[in-house]
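K.L.:
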Amino acid sequence: MNRLTWVLLLNLLTIEAVYAVKSIKTTEISTTDIISAPILDRSCHNYCLTGVCVWLFCGLHGCSIKTSIRVRHYQPDLVVSAYDKAGANPWRDARNAFGRLEKKATSSLVSTFHDVEAGYGERTEGHSSADRSLRYKEATAIGHPLAATKYLNVKYWCPTQSDPMMPYFSSGFDALAWRLGLTEIFYVNNFLPGARVIGEGGYTQQWGPLFPRTGFVNQKDDVKASAIIAQRVGNIVTQNNQPHVYQRFRDVFYRRLWLPGQLRENDSDTGLWQMLAPTVDDQCYVFGENDVFSTRWSDGRDSEDNAYVYALWRPYECCQARGAYITTIEAEVCL
């Protein structure tokens with residue numbers, strides 16, 4: 000093969016490589032898209048009348064017994080994003096607002112430990128035939144835009160703990176714990192095989208462990224890796240006094256309210272997920288579906304740039320305050 004042929008071949012390969020890079024579809028979602036994503040499917044809202052609250056009301060003319068309807072339902076609390084590179088949140092408005100700060104925070108916090116720009120995405124090195132299952136992702140958790148309904152004082156609708164557009168977690172500001180995991184090593188769950196694992200059942204069905212709650216995941220499936228990251232973030236944010244840099248939920252003093260508490264894996268009573276990007280799911284679920292002998296859960300959810308966005312739906316139960324709370328007469332009817 001002469002020199003001219005080699006030059007032409009190299010040029011063609013270069014053009015093909017450039018085209019391949021440019022052809023990667025970027026995952027992106029807007030605030031408008033997120034607001035329009037919630038659906039009326041029962042798997043998400045699961046609205047139920049759960050009984051009658053009994054109150055003691057006392058006034059100038061004495062005391063009387065009053066009642067109010069007790070309801071339970073799920074609603075979107077958080078928007079959790081998982082992506083490869085610091086500052087590259089697929090939620091456009093969040094990226095514009097916080098992306099530059101997250102990238103700068105990451106750089107300043109961990110640049111003394113290792114190369115920041117190389118610390119993302121697929122981390123397994125070596126030959127292409129190697130087991131490429133170690134991944135790293137950045138993450139954010141921001142109050143869902145529809146959490147604004149908490150300010151509307153709607154009857155038979157419970158307020159949320161979250162505030163709309165409030166940043167609750169950013170791996171950029173939690174870079175030392177999220178990347179190095181130093182604050183996570185003291186949890187006993189790190190040393191118990193099979194403890195706090197996402198996915199119920201046998202070993203082949205498990206998606207991955209909840210602990211350590213860092214950005215590193217051993218998972219060949221990138222979509223499932225993003226789900227594990229989202230579950231870890233949700234678990235951190237829904238608890239107080241966690242060894243991470245995050246904003247805890249404010250206390251809610253409104254009506255009689257039963258809060259959902261800590262988000263736990265495989266437990267629909269503490270929270271449900273709905274993918275918002277790269278595709279919008281038409282139902283809500285807990286992570287960990289057994290797809291060993293069925294269609295791969297990730298089918299139709301793959302992202303070319305390894306960026307994903309999920310909504311976390313959490314259950315709230317409440318009744319309108321009408322005096323001093325006495326008790327609840329339970330009788331559940333779901334719509």
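According to numbering that gives the first Met the number 0, the stretch in the sequence shown is residues 0 to 334, in order.
For each residue, glycine too, the CB sits at the ideal point set by N, CA and C.
1. Taking only three categories from DSSP, how would you classify Q218?
2. Determine whether the beta carbon atoms of Y245 and V236 lie at a separation below 8 Å.
3. Below 8 Å on the Cβ atoms is my guess for G207 versus I184; work out the distance and round it to an integer in Å.
4. Can you give me the start and stop residues for the beta strand (DSSP E) that L39 sits inside?
5. So for F210, helix, strand or coil by DSSP?
6. In three-state DSSP terms, what is G142?
7. Let's see if you can read the secondary structure: which residues bound the beta strand (DSSP E) around S67?
8. For the beta strand (DSSP E) that contains S107, what are its first and last residues?
9. Using alpha carbons as the reference points, say which of S42, N45 and V79 lies closest to I28.
10. Could you please give me the residues that DSSP links to C157 through a beta bridge?
11. From the DSSP secondary-structure annotation, give me the bridge partner or partners of M274.
12. For S297, which residues of its own chain have a beta-carbon under 7 Å away from its beta-carbon, when the five flanking residues on both sides are left out?
13. Along the chain, where does the beta strand (DSSP E) that runs through A330 open and close?
P.N.:
Well, looking at it:
1. coil
2. yes
3. 18 Å between Cβ atoms; not a contact.
4. That residue, L39, is in no beta strand (DSSP E); it is neither H nor E in DSSP.
5. coil
6. strand
7. G61 to Y82
8. S107 -> not in any beta strand (DSSP E); alpha helix (DSSP H) instead, spanning R91 to V109.
9. V79
10. Answer is none; C157 lacks a bridge partner.
11. Y309
12. D220, V222 and K223
13. A323 to C333
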